[in-house]
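Each remark here refers to the structure printed beneath this line.
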Amino acid sequence: MTSAPRDCDVLVIGGGNAGLCAAISARRSGAAVTLLESAPKALRGGNARHSRNFRVMHDGPTPWLQGRYPAQDYWSDLEAVTDGAADEGLARLLIAESAGIVDWMGGNGVRFQSGADDALPYSRKTAFFLGGGKALVNALYATAEALGITIHYDSEACALHAKDGLPSVTVRHPKAMRVIRTRAVVVASGGFQADRGWLRDRWGDVADRFVIRGTPHATGAMLKALLEDGAQPVGTAGHCHMVAVDSRSPGFDAGIVTRLDGIAHGIVVDRDGRRFADEGSHTGPTRFSAWGDRVARCPGAVAFSIFDSAIETRFRPSIFPAVRADGIGELAVQLGIDPAALEATVTGFNAAIGGDGSAMAIQPPKTRLATPIRVPPFGAYPMRAGVTSTCLGVRVDGQARVLREDGRAMEGVFAAGVIMAPNILGRGYLAGSAMSIGAVFGRIAGREAAAYALH
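So for the sequence shown, our numbering puts the first residue at 1; every next one is plus one.
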């Protein structure tokens, strides 16, 4: 193999967390590495730019994590959100390897916030990056450059040719197309959430109302190429990891700051002014993803979080100002809701509240945090579904090799990050887990791709 012509030993497609970890891992394993980032340099890093933490297994306190988060707790948390659909072998590999990811990242320039910093939420499960996702991305790029990794920005991989054990990739640059020949390729280019047409195929016209929280470059071109070449699919094309966001958010790249926090405290109504779910059913971290999916399935994929001035003091506000009015009917008019319908909903909800903080004598009930909406001025946030990533990927093994439908590995083709995360997460989500999957399997894919290329 080593005598065949090529442009690099390992080609990494995708310049986010998973791709950077793969590129650094491959380079430290002795391979000549080229990395393709479809974004311009100023917007490099994919969704990792908007991230803030890793979910990490640890058996005791560390400088970055409080308490302990043993492997079995991590596995139980994964099982709970994936309904047992996770590939247990890959999930347990993730958990075991996550224990060393903070030190490995630290050795590659990433800094972490002290676990004793009381400015952060208490966490025994996740380590926070000092400076957030952009600081992580910049640190990894600086390390990649210092190691001699060739980086091409504005470079979209648009076709993968994986025949004969010597992969090549067609790359679209701003002024030309070219083919890069390589020994091994690591695909770390994410899902297809930025492809509105593909989303529309699965969700219908409401997909046009989704907010894409991350990069507009996650078009799924390489995912489609792998599937067309016979890669075994995993996950579900018609599901996404979503959260509820302020509907005034930018269409792309707004990240975590547009997420709405106070949904559980007030009530949520659809465009007809009707409640449609128990607002108290999710009050922990799962509340974000639960409401993303609920809003996506509302008529017109839009909903409204309604509260009064007393309730508003209990949660963090949106970065956009609340819509306000002195009366519920007036608020409804501003939201485009029938005033009589919203007034009837609020009146019925208030009447159903019991002394135990629930509203069970109404459908749907509110099981927790039921508080009357009576104190003007009243407020509202318009809501849409904010898509973090899609839930369709390719099957991989413990060496991060992409598997074909018959279970055979594709020669010289590896995958890391969101494009293979459905092997573990499926439709579920845990805070910090996607970043850990990217880092862990990026390291594995880079190491294994280098071994393949250099043997």
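Beta carbons are placed, not taken as given, at the ideal position from N, Cα and C, and that holds for glycine.
Contact defined as beta carbons within less than 8 Å: I believe residue i pairs with residue j. What is the distance between those atoms, to the nearest angstrom?
i	j	result
residue 159	residue 71	That pair is no contact at about 40 Å.
residue 328	residue 266	12 Å between Cβ atoms; not a contact.
residue 22	residue 421	Incorrect: roughly 14 Å between the Cβ atoms, too far for contact.
residue 75	residue 95	6 Å
residue 182	residue 10	6 Å
residue 404	residue 308	At roughly 57 Å, the Cβ-Cβ gap does not stay under 8 Å, so residue 404 and residue 308 are not in contact.
residue 236	residue 368	30 Å between Cβ atoms; not a contact.
residue 52	residue 133	6 Å
residue 378	residue 325	6 Å
residue 60	residue 68	5 Å
residue 456	residue 221	Given a span of 1 to 455 for the chain in the structure shown, any question on residue 456 remains unanswerable.
residue 85	residue 438	That pair is no contact at about 20 Å.
Express the C-alpha separation of residue j and residue i in angstroms, rounding to a whole number.
i	j	result
residue 101	residue 455	26 Å
residue 271	residue 428	27 Å
residue 150	residue 16	15 Å
residue 66	residue 147	33 Å
residue 201	residue 195	10 Å
residue 269	residue 281	15 Å
residue 57	residue 98	6 Å
residue 392	residue 111	32 Å
residue 409	residue 446	16 Å
residue 176	residue 166	23 Å
residue 254	residue 388	10 Å
residue 106	residue 291	35 Å
residue 394	residue 418	10 Å
residue 287	residue 297	16 Å
residue 352	residue 263	19 Å
residue 143	residue 116	28 Å
residue 444	residue 123	27 Å
residue 108	residue 412	26 Å
residue 14	residue 278	39 Å
residue 128	residue 348	43 Å
residue 155	residue 35	9 Å
residue 231	residue 178	24 Å
residue 2	residue 168	Per-residue confidence for residue 2 stands at a pLDDT of 41, beneath the threshold of 50, marking its modelled position as unreliable; the derived number appears in the next sentence. Cα-Cα distance, rounded: 15 Å.
By DSSP, does residue i sit in helix, in strand, or in coil?
i	result
residue 411	strand
residue 21	helix
residue 125	coil
residue 381	strand
residue 403	strand
residue 136	helix
residue 374	coil
residue 369	coil
residue 353	coil
residue 275	strand
residue 95	helix
residue 311	helix
residue 341	helix
residue 86	coil
residue 361	coil
residue 108	coil
residue 56	coil
residue 43	helix
residue 49	helix
Please report the residue range of the beta strand (DSSP E) in which residue i lies.
i	result
residue 79	Unbroken run through residue 79 is the alpha helix (DSSP H), 71 to 82; no beta strand (DSSP E).
residue 177	177 to 187
residue 267	267 to 270
residue 168	168 to 172
residue 12	8 to 13
residue 322	Run containing residue 322: none; DSSP gives neither H nor E here.
residue 34	33 to 36
residue 152	150 to 152
Could you check where the alpha helix (DSSP H) with residue i kicks off and where it finishes?
i	result
residue 305	Residue 305 -> not in any alpha helix (DSSP H); beta strand (DSSP E) instead, spanning 303 to 307.
residue 160	Looking at the DSSP string, residue 160 is not in any alpha helix (DSSP H); the run it does join, the beta strand (DSSP E), is 156 to 161.
residue 236	That residue, residue 236, is in no alpha helix (DSSP H); its beta strand (DSSP E) goes 233 to 246.
residue 436	433 to 454
residue 226	221 to 228
residue 328	328 to 335
residue 288	286 to 296
residue 200	196 to 203
Below 8 Å, can you find three or more Cβ-Cβ pairs linking the stretch 214 to 231 to the stretch 188 to 206? yes
Using 8 Å as the threshold, is the stretch 327 to 341 in touch with the stretch 357 to 369, meaning 3 or more CB pairs across them? no
Are at least three pairs of beta-carbons, each pair with one atom in the stretch 381 to 392 and one in the stretch 296 to 310, less than 8 Å apart? yes
Whether or not the stretch 242 to 257 and the stretch 308 to 326 are in contact is what I'm after, with contact meaning three or more pairs of Cβ atoms, one per stretch, closer than 8 Å; do they touch? yes
Do the stretch 442 to 453 and the stretch 15 to 32 touch if we need at least three Cβ pairs shorter than 8 Å? yes
Tell me, please, whether the stretch 390 to 400 touches the stretch 88 to 98 by the rule of three or more beta-carbon pairs shorter than 8 Å. yes
Are the stretch 134 to 143 and the stretch 36 to 49 touching by the rule of at least three beta carbon pairs closer than 8 Å? yes
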